[in-house]
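Numbering (my numbering), first residue to last: 7 to 330.
Below is one structure; the comments refer to it alone.
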Ligand SMILES: Cc1cc2nc3c(=O)[nH]c(=O)nc-3n(C[C@H](O)[C@H](O)[C@H](O)COP(=O)(O)O)c2cc1C
């Protein structure tokens, strides 16, 4: 069995978190991951209504009210959406992540409700800030990750974060096989924070056209861009571009975001494509690990493949490479 700070603290059977991903990571996926022994997270988007978040958490907890559960918030959203923080305090999940900005203003309130706090960081500076804010776990998020992320690679960043903070560290970005899990646990991470592979989980909220695009895409097919934030009018801080599968829209507008913001024809074209689920123009956020993924599977099968395989590697590999 794999036993780490994360399994012991959150009462898990495996040190794996399904990353909060909006809108893909809803209550059904979170529940499936927690039932498989990990920690299921529900993601909250800047535009989500309180009622829809409540519905997803109800789904996750159906028939098992004490299931380990996480909820993901974004720091840059909270000042204008404090009702989301109030909701999370009321729902009292096991873990809350406050990512993409300083978690400091929210940590005490969460701790007073007995909620553990995690924060994703993208460089040494943000790791030190999250550490000083008193979060319980720091998630080292490499640039390989899907969705909004930073510029430093997973392995480089993990080494930097492990040597910079005293808190337990979880590793995120590009982890999609047993080898990836074994590598970061071997390096000192207390758990893995896995997003992109769960886009292909049968329980995720992902449309069929998106699933087949992910399944046939390769590791070089993503782009780190602001295009889709501009297209959707979202006020993401400039230091967090989003990694998405490159398509006709990014080919035309990546690097020309200023022009895009005032091109109403292009914005309308994007909005229509999004409504119609046309992935040749609309956003499909996904990480470089799409190069390792090809099949839709139940979440439990993904958890088992990653974690059983990692346990075996962590047992066998040292014996084969260490000599007296
Ligand atoms: C489709 C998608 C949506 C995401 N949405 C969020 C989000 O709402 N909140 C958040 O904290 N992180 C979000 N992320 C980032 C994940 O939390 C995580 O860092 C990332 O998925 C890990 O890397 P991987 O995708 O290579 O597994 C998202 C990632 C993806 C792929």
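C-beta atoms are modelled at their ideal positions from N, C-alpha and C, and glycine is treated no differently.
| Query | Result |
| --- | --- |
| With a threshold of 7 angstroms, establish whether the CB of residue 295 neighbours any heavy atom of ligand 1. | yes |
| Could you spell out the range, first to last residue, of the beta strand (DSSP E) harbouring residue 147? | 143 to 147 |
| Quick check: the segment 299 to 319 against the segment 264 to 282, are at least 3 beta-carbon pairs closer than 8 angstroms? | no |
| Going by beta-carbon coordinates alone, are residue 93 and residue 59 separated by less than 8 angstroms? | yes |
| Cβ of residue 313 versus every heavy atom of ligand 1: is any distance shorter than 7 angstroms? | no |
| How many angstroms separate the CA atom of residue 313 from the CA atom of residue 193? | 16 angstroms |
| Using the Cα positions of residue 89 and residue 323, report the straight-line distance between them to the nearest angstrom. | 49 angstroms |
| Tell me which residues share the same chain as residue 77 and place their Cβ nearer than 6 angstroms to its Cβ, disregarding the 5 neighbours each side in the sequence. | 48, 94, 99 and 102 |
| Residue 150: beta carbon under 7 angstroms from a heavy atom of ligand 2? | Because ligand 2 does not appear in the structure shown, any question about it cannot be addressed here, the ligands present being ligand 1. |
| Please find out if some non-hydrogen atom of ligand 1 comes closer than 7 angstroms to the beta-carbon of residue 103. | yes |
| Is the segment 221 to 233 close to the segment 38 to 55, with three or more CB pairs under 8 angstroms? | no |
| Residue 249 lies in the beta strand (DSSP E); which residues open and close that run? | 248 to 251 |
| Counting beta carbon pairs with one atom in the segment 270 to 289 and one in the segment 137 to 144, are three or more of them shorter than 8 angstroms? | no |
| Less than 7 angstroms between the CB of residue 205 and some heavy atom of ligand 1, yes or no? | yes |
| Do residue 201 and ligand 1 come close, with the Cβ less than 7 angstroms from some heavy atom? | yes |
| Return helix, strand or coil for residue 223, following the three-state DSSP convention. | coil |
| Where does residue 7 land, buried or exposed, given buried means 16+ other C-beta within 10 angstroms? | exposed |
| What are the start and end residues of the alpha helix (DSSP H) that includes residue 315? | 305 to 327 |
| Do residue 320 and residue 188 have their beta-carbon atoms positioned less than 8 angstroms apart in this structure? | yes |
| Taking 8 angstroms as the threshold (C-beta atoms), are residue 30 and residue 205 in contact? | yes |
| With H, G and I counted as helix, E and B as strand and the rest as coil, what does DSSP make of residue 121? | coil |
| Going by beta-carbon coordinates alone, are residue 285 and residue 260 separated by less than 8 angstroms? | no |
| Do you know offhand how far residue 198's Cα is from residue 236's? | 31 angstroms |
| Any chance you could list the beta strand (DSSP E) runs of at least 3 consecutive residues sitting entirely within the segment 29 to 82, in chain order? | 46 to 49 and 75 to 80 |
| Does the Cβ of residue 172 have 16 or more other Cβ atoms within 10 Å, making it buried, or fewer, making it exposed? | exposed |
| Can you give the Cα-Cα distance for residue 262 and residue 316, rounded to whole angstroms? | 43 angstroms |
| Going by beta carbon distance, what residues of the same chain come within less than 6 angstroms of residue 256, once the five residues before and after it are set aside? | 229, 231 and 233 |
| Apply the 10 Å Cβ neighbour rule to residue 42 and answer buried if 16 or more other Cβ atoms are within range, or exposed otherwise. | buried |
| Spell out the partners DSSP gives residue 105 in its beta bridges. | 80 |
| Starting from residue 8, trace the beta strand (DSSP E) in both directions and tell me its first and last residue. | Element bounds for residue 8: n/a, residue is neither H nor E. |
| What separation, rounded to the nearest whole angstrom, lies between the Cα atoms of residue 265 and residue 54? | 28 angstroms |
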